[in-house]
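Peer 1: The structure follows.
Number of protein chains: 10
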Amino acid sequence: DPEQYAKVEKAVHDLLDAFNVNWEDPNYTDTPKRVAKAYMEYWANGYAREAEDEVTVFPNSSGSEDLVMVKDMKFYSMCSHHLAPFTGYGAIAYMADENLLGLSKLGRILDIYARRFQLQERIGAQTADKIMQLLRPKGVMVVLYDVEHLCMSSRGVKLHEASTTTVATRGIFKEDAQLRAEVMSLINK
Amino acid sequence: DPEQYAKVEKAVHDLLDAFNVNWEDPNYTDTPKRVAKAYMEYWANGYAREAEDEVTVFPNSSGSEDLVMVKDMKFYSMCSHHLAPFTGYGAIAYMADENLLGLSKLGRILDIYARRFQLQERIGAQTADKIMQLLRPKGVMVVLYDVEHLCMSSRGVKLHEASTTTVATRGIFKEDAQLRAEVMSLINK
Amino acid sequence: DPEQYAKVEKAVHDLLDAFNVNWEDPNYTDTPKRVAKAYMEYWANGYAREAEDEVTVFPNSSGSEDLVMVKDMKFYSMCSHHLAPFTGYGAIAYMADENLLGLSKLGRILDIYARRFQLQERIGAQTADKIMQLLRPKGVMVVLYDVEHLCMSSRGVKLHEASTTTVATRGIFKEDAQLRAEVMSLINK
Amino acid sequence: DPEQYAKVEKAVHDLLDAFNVNWEDPNYTDTPKRVAKAYMEYWANGYAREAEDEVTVFPNSSGSEDLVMVKDMKFYSMCSHHLAPFTGYGAIAYMADENLLGLSKLGRILDIYARRFQLQERIGAQTADKIMQLLRPKGVMVVLYDVEHLCMSSRGVKLHEASTTTVATRGIFKEDAQLRAEVMSLINK
Amino acid sequence: DPEQYAKVEKAVHDLLDAFNVNWEDPNYTDTPKRVAKAYMEYWANGYAREAEDEVTVFPNSSGSEDLVMVKDMKFYSMCSHHLAPFTGYGAIAYMADENLLGLSKLGRILDIYARRFQLQERIGAQTADKIMQLLRPKGVMVVLYDVEHLCMSSRGVKLHEASTTTVATRGIFKEDAQLRAEVMSLINK
Amino acid sequence: DPEQYAKVEKAVHDLLDAFNVNWEDPNYTDTPKRVAKAYMEYWANGYAREAEDEVTVFPNSSGSEDLVMVKDMKFYSMCSHHLAPFTGYGAIAYMADENLLGLSKLGRILDIYARRFQLQERIGAQTADKIMQLLRPKGVMVVLYDVEHLCMSSRGVKLHEASTTTVATRGIFKEDAQLRAEVMSLINK
Amino acid sequence: DPEQYAKVEKAVHDLLDAFNVNWEDPNYTDTPKRVAKAYMEYWANGYAREAEDEVTVFPNSSGSEDLVMVKDMKFYSMCSHHLAPFTGYGAIAYMADENLLGLSKLGRILDIYARRFQLQERIGAQTADKIMQLLRPKGVMVVLYDVEHLCMSSRGVKLHEASTTTVATRGIFKEDAQLRAEVMSLINK
Amino acid sequence: DPEQYAKVEKAVHDLLDAFNVNWEDPNYTDTPKRVAKAYMEYWANGYAREAEDEVTVFPNSSGSEDLVMVKDMKFYSMCSHHLAPFTGYGAIAYMADENLLGLSKLGRILDIYARRFQLQERIGAQTADKIMQLLRPKGVMVVLYDVEHLCMSSRGVKLHEASTTTVATRGIFKEDAQLRAEVMSLINK
Amino acid sequence: DPEQYAKVEKAVHDLLDAFNVNWEDPNYTDTPKRVAKAYMEYWANGYAREAEDEVTVFPNSSGSEDLVMVKDMKFYSMCSHHLAPFTGYGAIAYMADENLLGLSKLGRILDIYARRFQLQERIGAQTADKIMQLLRPKGVMVVLYDVEHLCMSSRGVKLHEASTTTVATRGIFKEDAQLRAEVMSLINK
Amino acid sequence: DPEQYAKVEKAVHDLLDAFNVNWEDPNYTDTPKRVAKAYMEYWANGYAREAEDEVTVFPNSSGSEDLVMVKDMKFYSMCSHHLAPFTGYGAIAYMADENLLGLSKLGRILDIYARRFQLQERIGAQTADKIMQLLRPKGVMVVLYDVEHLCMSSRGVKLHEASTTTVATRGIFKEDAQLRAEVMSLINK
Ligand SMILES: [Zn+2]
Ligand SMILES: [Zn+2]
Ligand SMILES: [Zn+2]
Ligand SMILES: [Zn+2]
Ligand SMILES: [Zn+2]
Ligand SMILES: [Zn+2]
Ligand SMILES: [Zn+2]
Ligand SMILES: [Zn+2]
Ligand SMILES: [Zn+2]
Ligand SMILES: [Zn+2]
């Protein structure tokens, strides 16, 4: 969307201009263009994507109910309060029922919700809800951990080592504390 | 408060003077001023602050009851028995009900109670109680860990590796041992 | 099977040829031969093997029902979706009934199912099922962990640190959550 | 500077507006204000500061020529090419001649040059040059390490584990490779 | 190039067919398509790229001769002898003369040479040579480390823990052993 | 010295009183007494001690010139600028000539200079000078490392991870860079 | 007690004399004196101390029932079977009822029972019993861990890596396995 | 037993002779003697020992029922299937009833059963049974972990990182899963 | 060689028989067969192999003189003095001249010399000499490290943590200490 | 020597008696006997041993001058000043000339000098001198590291983390600093 691109470019130009950067210095000249491109292609690309377009669901022919988890999925997001990046890792575990999902698709759904101006709590909840809706598993658990919020770490309080963890559970993971403990144990492995 | 500042400055001057420091040495001359400033601005600034002034509470529009935790929040306090610093990390977990709190505000409440002449047990309890009062969550759990008390480590007993842990639980965290185990597991991650 | 060997060799030749490799360069000349050999002898050798041929079962003379586990068994497989390698570690625990198995045989059964074009979920399930069938233990638990899928890590998403874990349980391990927790704890040791 | 503040606030508003954020949602309403405040007070506060104002220089009465180093000083900056944060650690070593500097002042000078729209190479060079100018030591060495550039880690290439190191040497550190090796060894301790 | 794509797809089809995979199983049906796409877009995309197209060179206005290094750049390649992946990390250090390079461009040049059917020794040498040609620095050093060759680790010898390191030096890094030692020390940090 | 004790007690009383602590609360009532005792017995006990009284020197009968080092000696001091504790580790290495020192005496000399209101640079220099004077070794090297200054870590800048290292060398350690490198290597072991 | 001191000195003299040490060598001459002093002041000083003399108990005004633990308290003891040192760490957790204890007092009680000729099992039991008696808490748990017995490690069997753990529980810690698990989890943090 | 010694010596001679070693080379000449001695004195000395001869049992005068564990006891055994060494660590925990055992005796009983041609499963079971018989405790738990079987690691399969764990439980440890979890937690400390 | 096989089988039978193993127990019955097979196929297979048969040498067309190293190659050998296994890791570095070697061939040459009754010093020397002879590089360096000798660790002295390192250098690595230091640094990475 | 044994037994009896231990308590009754045995057989057994009796020297037939090192050899000694144990690790490196030594003999010589009432400095020097005398190598280097002196750690100063390192060099290791650096690097591996 070229109009959107132009709006972002202009906003970035104005932001830098407020600090009187030297527009002749080649290190600044094209910055508004570069930043606009980065927002469109990476940092806020989640607005233009739909999980349904990127994910295919298979029938679970074997009827297996064993546990599947992908962990240590690095994600990048921007906090809606301060426009500051926050980054960390996601783990998604599910117990299949009639459908299965390709392993890399778990990361893709997480990515779609992370690449927006977000709250960490919301990313986990939206990811969990979407997997419930697409896959209809017996349950899903989304843990976002080792998350550093730059708005917390880079400003006035002494919180630069702090990290935030959120846990979203749906289906049997909400009811069964033993199952949650098992997932925790596998994440900590 | 300039009067308070003057009192602190004079007390520090008298303390150093008891050891006959050389007031000509530029490394001591302005020390009483510097120390008074440090007490007012950092080490005892909690007396002049109110959690209510620094924290805003939002309605929990999504009604989410998922777990939220911030951990590894470095805190600094001074022990009321020996005026010696004690420092460590805090983790605060809560289960929201109708209200939400900005993530960095958890650290701020902890900071307000730490920046006084304190007992470690009290910091945890006051922080937990204040969050219950401001946020009315389903429960809160405050763990202060890896806490080194300089009055313990720097004096006669061989305890310089020792660390103190305190756990304060309110609401469902008091009743539900499984939930506490989950928080422990996430802290240890 | 020389015919199979020739088919693989030709396919590899065609694949490289699509990229116009220089067949005079000695670093390419014999590559199709080498790759065909590697597929037959290692990467897909599981198709030509039967667990029954490689494993002997002993009567459990002592009637011991103690837990036995072998862990950190490195395995190599190729993903059926992308023909890309995926590798990780397997742990197999069982509780004996009337039969026993040599310790290195657990790794062999895992290897037979891994050395094919596979799904990770299937390797675990087939291994667990085969051990149930051959040994008739009280139960078996197969955990595949720290598994890196090259198709996930080497392509477009930022998942090169991600790892996948699958858990397959049969018999008493399916019913007894405490027993599963014990195995997790021993794996994490 | 309220005018500067207003310009930043407007630019941020325009940027978010390009993505059609819901201005009614309390998670966005005050974001432009918050971000403007963050830029003025933290992220770009280096433009309004002068090292000379924050640093006092003492005569080196003892004439000591021993090595002094502060390391693991966390710094936060924003890259001039992409307006993305980059953060890491700085170590500064110097060999005193006639003047001395308070230990925490080394971090302050680094902070003044980091809190701008910068290149990592420039932060190190400007920090080293300023210390040479203010302190006139026998030499200074500035190492910026474990630096993560979000513009590198959060975009398309697979560089999210990459870190950048820059080394700036002045005076005897430029000439004496043994001395540099000693500093490296102390940083790696 | 659709013709190239078709050739790869057919070759992959023939390879799988040699093992009689069940083409009805949805886990195999589209594999040739997926693999062809993966080769074109990721695993062998280096053949269609030129470093000159992706890199811009700036004049080094400050004339700085300080050391710059990017390390822990994950790379993916395929060995020309066995068509097996090999992956590891690259570190590139250079001492600028009249030109500078954007930090992320070092990773891009490495990527261009890695994404082919390669020898590890060649990737390092080609990367170093290209940087010398494009940038004309005083010298460059390319270290590829922690490199696992799947053809080595997944076959008959017991080398699955082995890793390969190659070092390519050009310009002053070839002559100055102290400088090389400094880079080693910074990589090991 | 009861007079000194009384002065310290009064100063501490005045300091707390400036913050209106509740003198009825048993956690404050005896604090001035306790703190005065702590200063006399531990935190500032170095003023009342002389290295000569605590150390005996033996003739080096074997004439050995081998290297001796004690490292990881925890020390506690208080900074003369802010009356804040700073703590870390010391390593002392020497090359004997005609005299020897009991191993624990190295720690004692360090302790005597640390238990005062000090600069880190001075502790190292005074320790090194005193050992040269008492022992007349071929040389001595004192490294103080992993030193955390609470005045740096607990106040406004983001330096709570920073640590300070100082190196004082006398005799052959000043001249011989190889020897210094050996000590560094042994400290890093 | 000078008589006791003389008896110890004579015993040590006789022990060394059995090995014909050279009493002229200054490294032996005063050893009996030094050892007697060490036994009286450190290694066996527990016989002359009473926990009641060193510990004060406060009323628990807040009525808090939160968990308090001090861990990693290094202790030194001598085994009653072989007169050989054994050393390790202690953790003490309690749940207060009507009384509270200063944090450093937990270490002191442990020290009083350790500084005797002891069994590890007894130290834990005596410490737990004394705390129950002095404090009347809801319960107490004493874990002694990472304990190396020199009589085990330095003699004929290959046990120099072995460590001994003992757990003593009183009150609610004896009944409540969940509570014990929480303490274990906090110790392992 | 000189006859046994002679038989072992001859067998070793014959084994080496099968590989035509050069008996003149002093590195082989006395090998049969040395190996026979090693078997008699170390590797198979368990056949000539009885636990009853090396262990004394004391009455448990205090009636203590607290947990006692010794862990990280290195053991050496030889596998009965391949005559290859297997080595690892043992942990033994027991809950005393009327009798007590010296701490180093636990290692001795383990050693007696390990120093034979054995199965790992049997060593654990025999050790547990013998302790039950000698000590009549409330229960015992024997965990053998981090056990490397050279017959597994040094031969054809890629299992050189694999380790085997066996758990033998008797008495209350068999029934009480919570108690087993506590021991696991202490082993993992 | 069936005769050799029969001799080994008989020797193993005689060895076990000296300890009166129960030949009826299926855990012993086929042991002599299994052991003979293991010696022929793995433990002593080096006697029947020639490096020349397993290695091909290529001309070094690029004339590159960059450093190549493979490290962490696990090897297994048996000590000629005690017939006990010793295992560890090998690193081989070389500087090519006119010839090159496939990377996995370095491990193969090491394996050929390790799979005999050996001295560690000899394995390194023979490996280095053979590479010099086959490849005629500018130099080669073979480091065998983290080597555990079971004859040392499993017998009477307390050396079970000890490891042996040997370094063999040929060509420029013998003369150039800087180059050796570089290899050491890369091994320690 | 029964007379020596009796003297040690009596001395130990007198030492315990000074503390009025209860001789009826079976934990003390036989302690004097046990301790006397321990001194004779382990703690002071070095007085009755000669290195010449336990070590055989071979001609170095291959004339190899490569480096050989054994490290991480645990040793136990007793300090001559306080009769307190000190324990740590030894590394011995040598460069052979005409003679060679069995690898485990290095540990034996160290043990002979450690098992006495000693100074750490002397153990290193005596070990180095004895190896020079027995083996006549080009040089030897003995490093004793991570040495904890219980007399230092268990008494009044806060040195329980401190460790002592001593380095003794003879022959070419005394002259060649590069060679010493190589040994340090291999120890630190
Ligand atoms: Zn934010
Ligand atoms: Zn205190
Ligand atoms: Zn795939
Ligand atoms: Zn950038
Ligand atoms: Zn290959
Ligand atoms: Zn200060
Ligand atoms: Zn004992
Ligand atoms: Zn076996
Ligand atoms: Zn041997
Ligand atoms: Zn001593």
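Chains as they are written, first to last, in our numbering: chain A, 284 to 472; chain B, 284 to 472; chain C, 284 to 472; chain D, 284 to 472; chain E, 284 to 472; chain F, 284 to 472; chain G, 284 to 472; chain H, 284 to 472; chain I, 284 to 472; chain J, 284 to 472. Cβ atoms here follow ideal geometry from the backbone N, Cα and C, with glycine treated the same way.
Say whether the stretch 304–321 of chain D touches the stretch 355–367 of chain A, bearing in mind that this needs 3 or more beta-carbon pairs closer than 8 Å, one atom from each stretch.
Peer 2: Enough Cβ pairs lie closer than 8 Å, so yes.
Peer 1: Would you call the CB atoms of Tyr-377(H) and Val-423(H) closer than 8 Å?
Peer 2: Cβ atoms of Tyr-377(H) and Val-423(H): closer than 8 Å.
Peer 1: Between Val-430(I) and Gly-390(I), how many whole angstroms is the CB-CB distance? I'm expecting something under 8 Å.
Peer 2: Wrong, their Cβ atoms sit about 16 Å apart, outside the cutoff.
Peer 1: Let me know the secondary structure DSSP gives Thr-339(D) once reduced to three states.
Peer 2: It is coil, neither helix nor strand.
Peer 1: For Glu-404(H), is the classification buried or exposed, using 16 other Cβ atoms within 10 angstroms of its Cβ as the cut-off for buried?
Peer 2: Looking at its Cβ environment, which holds 16 or more other Cβ atoms inside 10 Å, Glu-404(H) is buried.
Peer 1: Assess, as a yes-or-no matter, whether the stretch 395–413 of chain J is touched by the stretch 296–314 of chain G under the definition of 3 or more beta carbon pairs within less than 8 Å.
Peer 2: Counting Cβ pairs under 8 Å, three or more are found: they touch.
Peer 1: Quick check on Glu-404(I): does DSSP put it in helix, strand or coil?
Peer 2: If DSSP states are grouped into helix, strand and coil, Glu-404(I) belongs with the helices.
Peer 1: Quick one: is the Cβ of Ala-367(B) within less than 7 Å of any heavy atom of ligand 2?
Peer 2: Yes, ligand 2 has a heavy atom inside 7 Å of this Cβ.
Peer 1: Under 7 Å Cβ-Cβ, which residues of chain J neighbour Phe-341(H)?
Peer 2: The contacting residues are Pro-309.
Peer 1: Return helix, strand or coil for Arg-453(D), following the three-state DSSP convention.
Peer 2: If DSSP states are grouped into helix, strand and coil, Arg-453(D) belongs with the strands.
Peer 1: Between the beta-carbon of Ile-375(F) and the beta-carbon of Met-361(F), is there less than 8 Å?
Peer 2: Cβ distance not < 8 Å, so Ile-375(F) and Met-361(F) don't count as in contact.
Peer 1: Could you say which of Cys-434(E), Arg-438(E), Thr-452(E), Leu-386(E) lies nearest to Met-356(E) if we only look at CA atoms?
Peer 2: Selected option, being the one with the closest Cα: Leu-386(E).
Peer 1: Quick check on Val-351(G) - is its C-beta less than 8 Å from some C-beta in chain B?
Peer 2: At least one chain B Cβ lies under 8 Å of Val-351(G).
Peer 1: Between which residues of its own chain and Val-291(B) is the CB-CB distance below 6 Å, once the five residues before and five after are set aside?
Peer 2: Ala-319, Tyr-322, listed in sequence order.
Peer 1: Which one or two residues does DSSP pair with Met-356(H) in a beta bridge?
Peer 2: According to DSSP, Met-356(H) bridges with Gly-373(H).
Peer 1: What does the alpha-carbon distance come out to for the pair Glu-337(I) and Ser-344(I)?
Peer 2: So the two alpha carbons sit approximately 22 Å from each other.
Peer 1: So that I know if they touch, is there some Cβ in chain G lying closer than 8 Å to that of Gly-385(H)?
Peer 2: Gly-385(H) counts as touching chain G.
Peer 1: Hey, would you say Ser-437(I) sits closer than 8 Å to Trp-326(H), going by beta carbons?
Peer 2: Their beta carbons are under 8 Å apart, which means Ser-437(I) touches Trp-326(H) by this criterion.
Peer 1: Taking a Cβ distance cut-off of 7 Å, strictly less, list which residues of the stretch 356–372 of chain E are near chain D, in chain order.
Peer 2: Per Cβ criterion, the list reads Met-356, Lys-357.
Peer 1: Which residues does DSSP pair with Met-415(C) in a beta bridge?
Peer 2: Paired residues: none, contrary to the question.
Peer 1: Comparing alpha-carbon positions, which option in Ile-406(J), Ala-379(J), Lys-316(J), Thr-314(J) lies nearest Ile-455(J)?
Peer 2: Comparing Cα-Cα distances from Ile-455(J) to each of Ile-406(J), Ala-379(J), Lys-316(J), Thr-314(J), the minimum goes to Ala-379(J).
Peer 1: Measuring straight from C-alpha to C-alpha, what distance separates Asn-471(F) and Lys-472(J)?
Peer 2: One C-alpha to the other measures close to 11 Å.
Peer 1: In this structure, what does DSSP give as the bridge partners for Tyr-428(D)?
Peer 2: Answer by DSSP bridge pairing, in chain order: Tyr-372(D).
Peer 1: Return yes when the C-beta of His-364(F) is under 7 Å from any heavy atom of ligand 6, and no when it is not.
Peer 2: Checking the Cβ of His-364(F) against ligand 6 gives yes.
Peer 1: If we count the other Cβ atoms within 10 Å of its Cβ and call it buried at 16 or more, is Asn-305(F) buried or exposed?
Peer 2: With fewer than 16 Cβ atoms within 10 Å of its Cβ, Asn-305(F) is classed as exposed.
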